[in-house]
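First to last, the protein sequences are chains A and B.
Position one of the first sequence corresponds to residue 0 (numbering that gives the first Met the number 0), numbered consecutively onward.
Position one of the second sequence corresponds to residue 0 (numbering that gives the first Met the number 0), numbered consecutively onward.
Think of the CB as a built atom: it goes at the ideal place given N, C-alpha and C, for glycine as much as any other residue.
Below is one structure, written out as structure tokens; the observations come after it.
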Amino acid sequence: MADAVFLALAVMTIGSAIAALEVRSLIYGSIALMGTLGGIAGFFLLLDSPFVAMFQIAVYIGSIAVLILFTVMLVRRQLIFIKIEDPRRRYAGIGLMLVMMIALGAVILGSGIKTIQTDEPPVDFRVIGEDFLIYYWPALILMGLILASAVIGALTLARREDVTNDQHNE
Amino acid sequence: MTNTMSDFIIVSIALLAIGIYGVSVKRNAIRMLFAIEMIVNAANLNLVAFARFLPNSQGQTFALFSIAIAAAEVGVGLALIIVAYRMYKNVDIAEFRSLKG
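Here's what the structure looks like:
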């Protein structure tokens with residue numbers, strides 16, 4: 000059975016996930032998204048994985064949520080509050096969501112996963128460091144290259160071409 | 000530990016379903032990015048839950064890789080949204096009709 004901390008975290012995560020998609024203003028939506036990401040970090044702490052939880056807080060709440068907030072502020076003011084949706088599409092989406100929840104939930108509850116509990120000690124985070132440096136070092140290097148190329152690609156994409164010559168002409 | 004594994008997986012399923020709802024219904028590009036983030040987070044929660052209950056360290060390692068790649072994905076996605084906004088003066092994906100620059 001789930002305990003109180005788990006239930007509170009679950010309500011916070013799911014509630015702010017719904018709020019992030021349904022709140023009228025995109026700014027409040029991105030703050031609600033921070034709540035979802037923080038709730039997931041709380042679940043990581045419950046699962047005895049403090050290293051992943053810290054990483055989640057640093058990367059998601061510290062950088063991604065702030066990046067999204069800045070992008071929202073770059074967009075025109077009317078577009079932040081506007082909400083265009085096809086109502087029929089919306090009902091179809093809600094139906095799809097409920098079908099997925101019920102079907103996947105029935106599969107999980109019907110399987111043997113329901114009873115799995117563990118008394119074993121949690122994995123020490125030093126083991127994760129060993130994993131990274133002994134077994135997955137090529138993937139680690141590749142990840143660094145991918146991150147660098149993604150940053151360069153994002154900068155190249157978002158560069159403004161129409162203002163480059165203005166400064167030279169003055 | 001009093002929580003069973005299925006508790007975490009049910010939260011993950013709920014988050015995944017909400018994310019799929021967002022991707023299929025919303026027309027605002029930034030809100031679609033929110034929904035994609037929720038789906039990625041549901042996957043990470045599954046990885047760490049399985050890693051805790053097996054128990055095994057590799058699920059946490061994969062979750063760390065996944066979080067780092069998601070950061071890159073969001074950076075590129077937001078850059079694309081900014082380019083599209085500059086071109087069409089809108090973030091509604093139904094307005095993004097032509098691929099020409």
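For the pair A9 (chain A) and D2 (chain A), the Cα-to-Cα distance works out to about 11 Å. Three or more pairs of CB atoms, one per stretch, sit closer than 8 Å, so the region 97-114 of chain A contacts the region 10-26 of chain B.
For M4 (chain B), the chain A residues whose Cβ falls inside 7 Å of its Cβ are I112, I115, in order along the chain. The beta carbon of A34 (chain B) sits closer than 6 Å to the beta carbons of G18, G21, V22 from its chain, once the five residues preceding and following it are set aside; these are given in chain order.
According to the DSSP secondary-structure assignment, D118 (chain A) is paired through a beta bridge with no residue. Listed as beta-bridge partners of D91 (chain B) by DSSP are B:N27.
Listed by position along chain B, the residues whose Cβ is nearer than 8 Å to that of I56 (chain A) form an empty set, because the closest Cβ is around 10 Å away. The C-beta of M72 (chain A) comes no closer than 9 Å to any C-beta of chain B.
Contact of R96 (chain B) with chain A is not assigned, every C-beta pair being separated by 9 Å or more. In this structure, Q77 (chain A) sits away from M4 (chain B), with a CB-CB distance that is not shorter than 9 Å. Exclusion of the five residues before and after V39 (chain B) leaves A69 as the residues of its chain whose Cβ lies within less than 6 Å of its Cβ. The beta carbon of M86 (chain B) sits no closer than 9 Å to any beta carbon of chain A.
For the region 8-28 of chain A, the set of positions with a beta-carbon nearer than 7 Å to some beta-carbon of chain B reads A9, T12, I13, A16, I17, A19, L20, L25, G28 in chain order.
Spanning the alpha carbons of G111 (chain A) and L53 (chain B) requires a straight line of approximately 14 Å. In the same chain as L45 (chain A), and ignoring 5 residues on each side of it, the C-beta atoms closer than 8 Å to its own belong to V4, F5, L8, in chain order. In this structure, DSSP gives P49 (chain A) a helical state, which the three-state scheme calls helix. Residues of chain A whose Cβ lies closer than 8 Å to the Cβ of A42 (chain B) do not exist; the shortest such Cβ separation is about 11 Å. The criterion of a C-beta distance shorter than 9 Å is not satisfied by A31 (chain A) and V75 (chain B). At a cut-off of 9 Å between beta carbons, I12 (chain B) contacts chain A. Around T60 (chain B), the same chain offers no residue with a beta carbon nearer than 7 Å, after the five sequence neighbours per side are excluded. Apart from the 5 residues on each side of it in sequence, A50 (chain B) sits with its Cβ closer than 6 Å to the Cβ of G58, Q59 in its chain, given in chain order.
Around the beta carbon of R30 (chain B), 16 or more other beta carbons lie within 10 angstroms, which makes this residue buried. With fewer than 16 other Cβ atoms from the protein chains shown falling within 10 Å of its own Cβ, D161 (chain A) counts as exposed.
Interface residue (Cβ-Cβ distance to chain A less than 9 Å): I35 (chain B) is not classified as such. Taking 9 Å as the cut-off, the beta carbon of S56 (chain B) is found no closer than this to the beta carbon of D118 (chain A).
Cα atoms of L25 (chain A) and L44 (chain B): separation of roughly 25 Å, rounded to the nearest angstrom. Distance from the Cα of L36 (chain A) is smallest, within the candidate group A:L68, A:T155, A:Y59, for A:Y59. Neighbourhood of F80 (chain A) in chain B, by CB distance below 9 Å: empty, with the nearest CB roughly 11 Å away.
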